[in-house]
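In this note's numbering, the protein residues as written are 449 to 757. Just so you know, even glycine gets a beta-carbon here, dropped at the ideal spot from N, CA and C. Step one of this worksheet: look at the structure below.
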Amino acid sequence: MKKIIFPKALKKGAKIAVISPAGAVDVPQLEKGIEMIKNRGFEPVLGEHLYTKFSNGYNYAGTEQERIKDINWALNDKEISAVWASRGGYGCQHLIQHLKLKNFTENPKWYIGYSDNTVIQSYLLKKGFASIHGQTIKTSSFGVTDESYDRIFDILKGKAPKYALQSNQFNKPGNIEGELVGGNLALIYALLGTQYSFDFKDKILFIEDIGENFYALDRMIMSLELAGVFNKISGLIIGGMTNMGDEKENKQYEDSFDGFAYQLISDRISKYKFPAVFGFPNGHIKDNRPLIIGGKVMMKVGDKVKIEF
449 MKKIIFPKAL
459 KKGAKIAVIS
469 PAGAVDVPQL
479 EKGIEMIKNR
489 GFEPVLGEHL
499 YTKFSNGYNY
509 AGTEQERIKD
519 INWALNDKEI
529 SAVWASRGGY
539 GCQHLIQHLK
549 LKNFTENPKW
559 YIGYSDNTVI
569 QSYLLKKGFA
579 SIHGQTIKTS
589 SFGVTDESYD
599 RIFDILKGKA
609 PKYALQSNQF
619 NKPGNIEGEL
629 VGGNLALIYA
639 LLGTQYSFDF
649 KDKILFIEDI
659 GENFYALDRM
669 IMSLELAGVF
679 NKISGLIIGG
689 MTNMGDEKEN
699 KQYEDSFDGF
709 AYQLISDRIS
719 KYKFPAVFGF
729 PNGHIKDNRP
739 LIIGGKVMMK
749 VGDKVKIEF
């Protein structure tokens with residue numbers, strides 16, 4: 449088994465690159481997040497095309513070539529200590545065939561993001577590097593808790609996350625340790641069968657998603673089953689399932705944990721023996737607490753739930 453490399457803890461004054469690998473952003477959307485980096489004692493360094501816009505059926509943050517240039521700069525510049533995505537959206541799949549890690553391997557750094565950034569994180573893990581599945585610099589329309597960012601800065605400073613949760617009616621009990629893989633379900637699904645897909649064997653899988661019709665959710669879960677993923681993993685963590693269902697059913701759930709989506713997933717995995725945690729606070733939700741992709745995690749599921757790295 450390949451040993452996963454964790455970047456060094458950041459020191460005060462360290463430079464954090466802010467880039468837009470997927471969807472376009474406007475200056476006001478990032479002002480609060482960039483100021484937050486400064487207030488925590490770090491120096492934000494903005495990618496050349498952070499605010500660039502290019503439309504080709506979707507509003508991208510620049511052409512593929514411009515986004516490739518920015519991410520390769522951020523990953524390989526020796527003065528940069530971490531890379532923080534401005535947002536997700538769509539577009540990270542364009543980049544992975546063109547990523548270069550020559551200097552990165554000599555100076556590994558945390559890559560921070562979620563949603564479409566799952567693609568980048570899967571790529572990095574295939575190369576043996578951990579990353580942070582956590583809130584982007586752009587805050588979501590439903591807001592972001594301070595703790596969502598506090599926990600990311602804890603990881604950047606070298607503190608591993610520990611979480612204690614209340615039980616959920618859909619949980620499957622059991623205790624397990626393993627490496628964490630996963631992220632946004634739609635991107636996990638999109639990478640199946642490619643060389644960039646996660647290695648699921650004996651791993652704990654995390655999934656979250658937003659805005660999917662229930663039939664589309666079922667199709668993605670079925671694809672994981674048909675690909676043998678549920679026969680390979682040792683545990684499953686399900687995060688936010690936000691605004692699920694068709695237009696008539698599509699309601700904003702207060703806690704962003706869609707009960708019908710959970711029921712659908714629960715039914716599909718009922719025949720498997722691995723433990724499962726529903727309702728983990730990570731995803732397209734206000735309380736988006738970070739997870740370490742590639743981190744070794746201890747998962748205890750009973751009357752209470754503990755997840756510790």
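Residue i, DSSP secondary structure in three states
i: E702; result: For E702, the predicted structure reports a pLDDT of 43, less than 50, and the residue's modelled location is therefore unreliable. The matter cannot be settled from this model.
i: Y499; result: coil
i: E479; result: helix
i: S671; result: helix
i: L458; result: coil
i: F618; result: coil
i: V567; result: helix
i: L572; result: helix
i: L640; result: coil
i: N736; result: coil
i: F677; result: According to the sequence provided, residue 677 is Val. The question's Phe does not apply to it. Here V677 sits in helix by DSSP.
i: F708; result: helix
i: S579; result: strand
i: N730; result: coil
i: A634; result: helix
i: K748; result: strand
i: I600; result: helix
i: I713; result: helix
i: G452; result: Residue 452 is actually Ile in this sequence, not Gly. Note: I452 maps to coil in three-state DSSP.
i: I485; result: helix
i: K696; result: Low local confidence applies: a pLDDT of 48 at K696 is under 50, so the model's placement there is unreliable, with the coordinate-based value given in what follows. Of the three classes helix, strand and coil, the one that applies to K696 here is coil, per DSSP.
i: D647; result: coil
i: F662; result: helix
For residue j and residue i, believed in contact at Cβ under 8 angstroms, the rounded distance
i: I741; j: A578; result: 6 angstroms
i: F648; j: K680; result: 4 angstroms
i: I652; j: V745; result: 6 angstroms
i: V493; j: S534; result: The pair is not a contact, with the Cβ atoms about 13 angstroms apart (cut-off 8 angstroms).
i: G536; j: Y562; result: 6 angstroms
i: W521; j: G481; result: Not a contact, Cβ separation roughly 19 angstroms.
i: R737; j: S596; result: 6 angstroms
i: L633; j: E656; result: 7 angstroms
i: G683; j: A724; result: 7 angstroms
i: F662; j: G641; result: Their Cβ separation, rounded to whole angstroms, is 24 angstroms, which puts F662 and G641 out of contact at 8 angstroms.
i: K734; j: T593; result: 6 angstroms
i: K586; j: L478; result: 6 angstroms
i: V567; j: L639; result: 7 angstroms
i: D564; j: G539; result: 7 angstroms
i: G461; j: F490; result: 7 angstroms
i: W532; j: I464; result: 6 angstroms
i: K748; j: N623; result: 5 angstroms
i: T726; j: N551; result: The amino acid at residue 726 is misidentified as Thr; the sequence shows Phe. About 41 angstroms separates the two Cβ atoms, so there is no contact after all.
Residue(s) in a DSSP beta bridge with residue i
i: D657; result: M689
i: A724; result: K620 and L684
i: A465; result: V493 and V531
i: A612; result: K754
i: G606; result: Answer is none; G606 lacks a bridge partner.
i: E627; result: K744
i: I652; result: L628 and G683
i: G471; result: Y508
Check your understanding: Would the segment 615-635 and the segment 548-558 be scored as touching if the rule is three or more Cβ pairs under 8 angstroms?
Key -> Too few Cβ pairs lie closer than 8 angstroms, so no.
**Study point:** Sufficient close CB pairs (3 or more, under 8 angstroms) joining the segment 506-522 to the segment 541-551
**Key:** Judged by pairs of C-beta atoms under 8 angstroms, the segment 506-522 touches the segment 541-551, as three or more such pairs exist.
Exercise for review: Flag this pair as touching only if the segment 479-490 and the segment 514-526 have three or more C-beta atom pairs under 8 angstroms; answer yes or no.
Suggested key: No: the two stretches stay apart, fewer than three of their Cβ pairs being nearer than 8 angstroms.
Review point. Can we say the segment 725-740 touches the segment 568-583, given the rule of at least three CB pairs closer than 8 angstroms?
Key: With the cut-off at 8 angstroms, the segment 725-740 and the segment 568-583 touch.
Check your understanding: Just checking, does the segment 588-605 make contact with the segment 709-717 on the three C-beta pairs under 8 angstroms criterion?
Key -> As far as the Cβ criterion goes, the segment 588-605 does not touch the segment 709-717, which means the pair count is below three.
Exercise for review: Only counting runs of 3 or more residues, tell me where the beta strand (DSSP E) segments fall wholly within the segment 505-563, in order along the chain.
Suggested key: Assignment of beta strand (DSSP E) within the segment 505-563, counting only whole runs of 3 or more residues, yields 528-533 and 558-561 in chain order.
Review point. Three or more beta-carbon pairs under 8 angstroms between the segment 607-617 and the segment 655-668, yes or no?
Key: They do not touch, by the three-pair rule.
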